[in-house]
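Heads up: the protein sequence lines correspond to chains D and R, in order. FYI, in our numbering the residues of the first sequence are 357 to 468. FYI, in our numbering the residues of the second sequence are 2 to 114. Where is the CB? At the ideal position from N, CA and C, for every residue including glycine. Structure, as structure tokens:
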Amino acid sequence: GENVEQHPSTLSVQEGDSAVIKCTYSDSASNYFPWYKQELGKGPQLIIDIRSNVGEKKDQRIAVTLNKTAKHFSLHITETQPEDSAVYFCAAGDYGNNRLAFGKGNQVVVIP
Amino acid sequence: KAGVTQTPRYLIKTRGQQVTLSCSPISGHRSVSWYQQTPGQGLQFLFEYFSETQRNKGNFPGRFSGRQFSNSRSEMNVSTLELGDSALYLCASSLEPPTDTQYFGPGTRLTVL
Chain D
357 GENVEQHPST LSVQEGDSAV IKCTYSDSAS NYFPWYKQEL GKGPQLIIDI RSNVGEKKDQ
417 RIAVTLNKTA KHFSLHITET QPEDSAVYFC AAGDYGNNRL AFGKGNQVVV IP
Chain R
2 KAGVTQTPRY LIKTRGQQVT LSCSPISGHR SVSWYQQTPG QGLQFLFEYF SETQRNKGNF
62 PGRFSGRQFS NSRSEMNVST LELGDSALYL CASSLEPPTD TQYFGPGTRL TVL
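Now the structure itself:
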């Protein structure tokens, strides 16, 4: 089955700086890559997703890039704010299959 | 529009007991997926239901089961609880397949003593 790895496990950034989280996946058949943000005591919240027919997608301060050849995708958060502090999960799966394989998560800490 | 709701939010059981968790999807969503979240294994897919039928199943033992009702609400059941079943159980709903975006509920925190 699909195996997703996330690096680094913990990321500390100064407020206003950028944060980048990288994930790799193993199954070349995966074609859907969402990113979720999870705050303490809450369920994961979708923040951005990308399908394999697109190399990059941006939504305000958040962007995701996908390299299908290398089988890795990254989350970029610019102009970080304290409210960006959370655990971020990447996932991979087959579009429409609703069966996602998740990475172990990255703790992002934005230092004011 | 109301989000995904899960009940109960917290549950404490003892080994050997069984437990039933409930999930109400977003109105209009017909697919419900269940995930187990633990510090060691992270988020792992349990199963997905659509139109009252199990569409996908993860690699969990038969003690984990689920069902979906005609109103799309779903329940999952864990029988003969083990200490290792302590986890946050998350439910996610999405529109009719094929679709992609899954919306998660707040989860049910199950503690097995």
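Where residue i falls: helix, strand or coil (DSSP)
i: Pro-390 of chain D; result: strand
i: Glu-361 of chain D; result: strand
i: Thr-22 of chain R; result: Inspection of the sequence shows that residue 22 of chain R is occupied by Leu rather than by Thr. Three-state result, Leu-22 of chain R: strand.
i: Gly-85 of chain R; result: helix
i: Glu-97 of chain R; result: coil
i: Asp-440 of chain D; result: helix
i: Gly-29 of chain R; result: coil
i: Gln-37 of chain R; result: strand
Cross-chain neighbours of residue i in chain D, by beta carbon under 7 Å
i: Leu-44 of chain R; result: Phe-445, Phe-458
i: Pro-98 of chain R; result: Gly-452, Asn-454
Residue i CB to nearest heavy atom of the ligand NAD below 7 Å
i: Gln-437 of chain D; result: Within the structure as shown, the ligand NAD is missing, as the structure has no ligands at all.
Counted within 10 angstroms of its Cβ, other Cβ atoms place residue i as buried (16 or more) or exposed
i: Ala-385 of chain D; result: exposed
i: Ile-467 of chain D; result: exposed
i: Ser-34 of chain R; result: buried
i: Arg-417 of chain D; result: exposed
i: Gln-69 of chain R; result: buried
i: His-30 of chain R; result: buried
i: Pro-10 of chain R; result: This sequence places Arg at residue 10 of chain R; Pro is not what is there. Exposed, by the Cβ-count rule.
Under 9 Å by beta carbon: chain R residues contacting residue i
i: Asn-409 of chain D; result: Residues of chain R passing the Cβ test: none, with the nearest at roughly 12 Å.
i: Leu-402 of chain D; result: Thr-102, Gln-103, Tyr-104, Phe-105
i: Gly-461 of chain D; result: Gly-43, Leu-44
Listed by chain order, chain R residues near residue i by CB distance under 7 Å
i: Gly-399 of chain D; result: Leu-91, Phe-105, Gly-106, Pro-107, Gly-108
Residue i: contacting residues in chain D (beta-carbon distance under 9 Å)
i: Ser-71 of chain R; result: By Cβ distance, chain D contributes nothing, its closest Cβ being about 19 Å from Ser-71 of chain R, past 9 Å.
i: Ser-95 of chain R; result: Asn-454
Residue-level contact to chain A via CB, residue i, 8 Å cutoff
i: Glu-49 of chain R; result: The structure shown contains no chain A; its protein chains are D and R.
Tell me whether the stretch 438-453 of chain D and the stretch 365-383 of chain D touch, counting them as touching only if at least three CB pairs, one residue from each stretch, are closer than 8 Å. At 8 Å Cβ cutoff, the stretches touch.
Worksheet item: Are the stretch 50-60 of chain R and the stretch 13-29 of chain R in contact at 8 Å, needing three or more beta carbon pairs?
Response: Output reads no: the stretch 13-29 of chain R does not touch the stretch 50-60 of chain R.
Q) Does the stretch 392-399 of chain D come close enough to the stretch 22-32 of chain R to have 3 or more Cβ pairs within less than 8 Å? A) By the criterion of at least three beta-carbon pairs nearer than 8 Å, the stretch 392-399 of chain D is not in contact with the stretch 22-32 of chain R.
Say whether the stretch 451-462 of chain D touches the stretch 363-372 of chain D, bearing in mind that this needs 3 or more beta-carbon pairs closer than 8 Å, one atom from each stretch.
-> Of all C-beta pairs linking the stretch 451-462 of chain D to the stretch 363-372 of chain D, three or more are shorter than 8 Å, placing the two stretches in contact.
ask   = Between the stretch 20-35 of chain R and chain D, which residues of the former have a C-beta closer than 7 Å to a C-beta of the latter?
value = Listed in sequence order: Ser-32, Ser-34.
- Contact between the stretch 71-90 of chain R and the stretch 427-440 of chain D: three or more CB pairs below 8 Å? With a cut-off of 8 Å on Cβ pairs, the stretch 71-90 of chain R is not in contact with the stretch 427-440 of chain D, counting fewer than three such pairs.
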